[in-house]
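Here's the structure we're looking at; comments come further down.
Residue numbers (the numbering used here): 479 to 1463.
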């Protein structure tokens, strides 16, 4: 019977393949299917387990152990493996594959048959030959999930079981496995012993070694990777090894070094003709024009002969060369001014940073040696680093030859062996008239005045009509100058700064034109040469004026009559902005305490506008701390401004990025010229500018909470309605100030409102702003530039007409932004859809939680006819009333039935909320107590009053009765229309 059972077991194995593909995260310590020779396992007793070697269908040996003593009771058959070295393993996995026969299918078997066997193990440091079952620890009892019968064998149906058990932690060098049979019919087909590891791998250009997990299945092993060859750490690369041998949670990375690029997880050298200048996982770039790289792994490409790269040029810039000389140099001599003009070089060398230097040499007519021009010759603008192709030369000497050399330079000029190439022109000043002014002297001076006198030429070639005195601060020589005229050879120059050196040039005008200027003269205000001489000079002037005054009285009277009429005619033809600039400079203002805004664009020299309106700051007083943003022209930083005698103040600093053009510099400083004219607590305050050193900076007060839209989104729902109204009130106050001085903003939006730590809102960003004309209904019209559609009034979009009324429309959008906590106006609608919707009468609905009174004000701001929109003065007054009467903010839009669909459906609803406001608006405030005593306390309660009701409450004057009744009738119509639209007042 036993022999027959074993034959059945062997027959059941025919056609079975027992090997599995190798798993990368498993290290096999023993696999009986892979052993070619004898296993060397021991059996106790000897006649218990039988070792059988068979061949599978691939002709590979299969080592099996079988036992089937089911007919005999009290079986205790042991099978012990050979000694297994554990290597690095701490936790061991044992995989068993076996077949087991169903005891019920074996005839004549009593209750001695079993369907399980036991698995044991023993830890030892060395192999040994003796065997004591008591030394072994039981791992588990192994039962079969499926068993076979005699019928299954006849049908060649395999009932294969696979069981995996764990043991450990194993601390000795090795161990034995033992299999105990207690009376079953079993065939042990294969035993595979292994442990798990996280296999070596490459992740993010870092190599991670084989790693054995920890004993505890819940613990992860952190492994630090090493960057592959030619890579460097960007962040420390790390992986975590799990108990199942899987890598988890990749962190950090390596990047390929300079000159190497990533390819299939490795860093390979850039090929010749390519380069990589920065470490990172980017590809090598082809060398830019006129450069090359011969070796592999090049960090940059070298320039070809004759080509160069400037020190600030990035490696990706093409190599360039110096420009050719300027072309077509011409000159124009206008009286005593010489204008040089030229064309740009035909070859700029491949660069855009071309500037020009003008060198001057003076040669006498007699042919003496030439020498460099002295400092008396003035160039406007300065002759070095010119960005335009013209320059004016002033104060040159008559009857001399001047040679001007004009050099075009760029960022690589002066590099290598390149020679300087210049365009030359020689000019004779023989045609310039000689100076008709000599012996100029200072008669006297005060802290703000200098008196000058001079002698006429002995034999002038023509009668002198008058003299021109040109003067400027020595420190501001190249920036601006002033001039005055006189008919006599003396002048008193006033309006000067105390203790300041001034430079004077004087020339005469004849019927044939101007003479050349006198030599440069330097005089200082407020010196102490002689107080007595100063007093005498002043007395002399007074006496002379007294004697000549009477004789000139009649002449002046006639002269004023004539010139007054001329001045009236000139003023009538003067542009409004010129009038305003004149008023500003003369101190004439349209309103007491408020100066009229002057557009910097009316200045011929924009630098003068900056000088007039903005204070120059010593850059040593500024400490830049960090970058907080980026503007159109450069970075925006926060920092500290040190003021003598005061503590440091936090400031925001706008910087002009390097490489700017003159136009960019002018546009950058234009905003400072505008801001410097404002003085209002709700307008961002200009601290000053830095224009005399680099970088050019605009310094303004620091607003801790940044832009209003971002601030509201960050604090969504955190403020009360009164706090939001307070913010709107501050914005309205600032805009009323701008409107009063004749100024339109054009880009009013929550993003251009800044908030400080006390929630004070201040208007900022004057890049799109323009001046209004004197006519309060006038507007600014432009043909170019971008328009913020969602914030802009219809007439400004369609006709580009901007006015204070268009700013009111924008203010209504700002109100909506504030009440919606920074939501985007019109949401995701396209700009074209916004324009069409507004034209069709659509207006933004009230945000959730918005009081009716505030949405009414928004709708009024969005009237299509700009004349029907409220002014900022009205808006500010209305908001003040709401703040004083918080109960007027309790009714929310969602609490009423409906709202007007279009502001054009809404009549000119007055901006008042109480009986007192209404009476004030019609100048009948003396009857407030009469209405209140009669029980009329709300606006809707008076809408049904008749003239008899008005008489009854004590209004006796007929004119007052008619005025009140007329106003009540208007209110009645308005309330009827509003109630039909769904409003409840």
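The beta-carbon is built from N, C-alpha and C at its ideal position, and this holds for glycine as well. This one's a predicted model, so the numbers in the text were calculated from it and none came from an experiment.
By Cβ distance below 7 Å, which residues in the same chain neighbour residue i in space, the five residues on each side in sequence not counted?
i, result
"residue 1481", "Past the edges of the chain, shown from 479 to 1463, lies residue 1481, and the structure says nothing about it."
"residue 1163", "1178, 1179"
"residue 778", "753, 755, 793"
"residue 969", "930, 947, 962"
"residue 1099", "1119, 1120"
"residue 761", "739"
Please report how far the alpha carbon of residue i lies from the alpha carbon of residue j, in whole angstroms.
i, j, result
"residue 1424", "residue 1334", "28 Å"
"residue 692", "residue 566", "11 Å"
"residue 1328", "residue 1294", "9 Å"
"residue 1361", "residue 1204", "8 Å"
"residue 795", "residue 1153", "39 Å"
"residue 1443", "residue 1404", "16 Å"
"residue 532", "residue 564", "29 Å"
"residue 730", "residue 717", "9 Å"
"residue 1076", "residue 914", "39 Å"
"residue 875", "residue 995", "9 Å"
"residue 934", "residue 920", "16 Å"
"residue 941", "residue 988", "6 Å"
"residue 818", "residue 805", "12 Å"
"residue 1241", "residue 1224", "12 Å"
"residue 659", "residue 554", "6 Å"
"residue 722", "residue 1239", "60 Å"
"residue 1281", "residue 1222", "6 Å"
"residue 869", "residue 859", "6 Å"
"residue 1061", "residue 893", "With a pLDDT of 47 at residue 1061, under the threshold of 50, the modelled position of that residue is not reliable, and the figure given next carries that caveat. Their Cα atoms are separated by approximately 53 Å."
"residue 744", "residue 759", "11 Å"
"residue 811", "residue 904", "13 Å"
Please list the terminal residues of the continuous alpha helix (DSSP H) segment that includes residue i.
i, result
"residue 1356", "1350-1362"
"residue 1084", "1084-1091"
"residue 1407", "1406-1411"
"residue 1394", "1393-1399"
"residue 1339", "1330-1339"
In its own chain, which residues sit with a C-beta less than 6 Å from the C-beta of residue i, not counting the 5 before and 5 after it?
i, result
"residue 1234", "1181, 1182"
"residue 997", "none"
"residue 525", "none"
"residue 1410", "none"
"residue 1159", "none"
"residue 1369", "1330"
"residue 668", "496, 510, 511, 575"
State the start and end residues of the unbroken beta strand (DSSP E) segment that holds residue i.
i, result
"residue 902", "900-906"
"residue 746", "744-747"
"residue 641", "639-645"
"residue 520", "520-522"
"residue 1001", "999-1002"
"residue 1153", "Run containing residue 1153: none in the beta strand (DSSP E); it sits in the alpha helix (DSSP H), 1140-1153."
Any beta-carbon of chain D closer than 8 Å to the one on residue i?
i, result
"residue 663", "The structure shown contains no chain D, having only a single protein chain."
Which partner residues of residue i appear in the DSSP bridge assignment?
i, result
"residue 1345", "Answer is none; residue 1345 lacks a bridge partner."
"residue 1127", "1119"
"residue 933", "916"
"residue 1100", "1119"
"residue 963", "946"
"residue 626", "579"
"residue 544", "528, 665"
"residue 1232", "1185, 1240"
"residue 976", "Residue 976 is not bridged to any residue."
"residue 803", "In the DSSP output, where bridge partners are listed per residue, residue 803 has none listed."
"residue 740", "745"
"residue 505", "673"
"residue 811", "816"
Ordered along the chain, which non-local residues of its own chain (more than five positions away) have a Cβ less than 8 Å from that of residue i?
i, result
"residue 1048", "With a pLDDT of only 46 at residue 1048, under 50, the local geometry of the prediction cannot be trusted, and the value read off the model is given with reservation. Excluding residues within five positions, none has a Cβ falling inside 8 Å."
Does the distance between the C-beta of residue i and the nearest non-hydrogen atom of the ligand ZN fall short of 7 Å?
i, result
"residue 672", "Looking at this structure, you won't find the ligand ZN or any other ligand, since it has none at all."
Runs of beta strand (DSSP E) lying entirely within the segment 667-709, each at least 3 residues, in chain order: Within the segment 667-709, complete beta strand (DSSP E) segments of at least 3 residues are found at 679-681, 684-686, 699-702, given in chain order.
Within the segment 813-885, ranges of the alpha helix (DSSP H) (whole runs, at least 4 residues): Taken in chain order, the complete alpha helix (DSSP H) segments of 4 or more residues contained in the segment 813-885 number zero; there are none.
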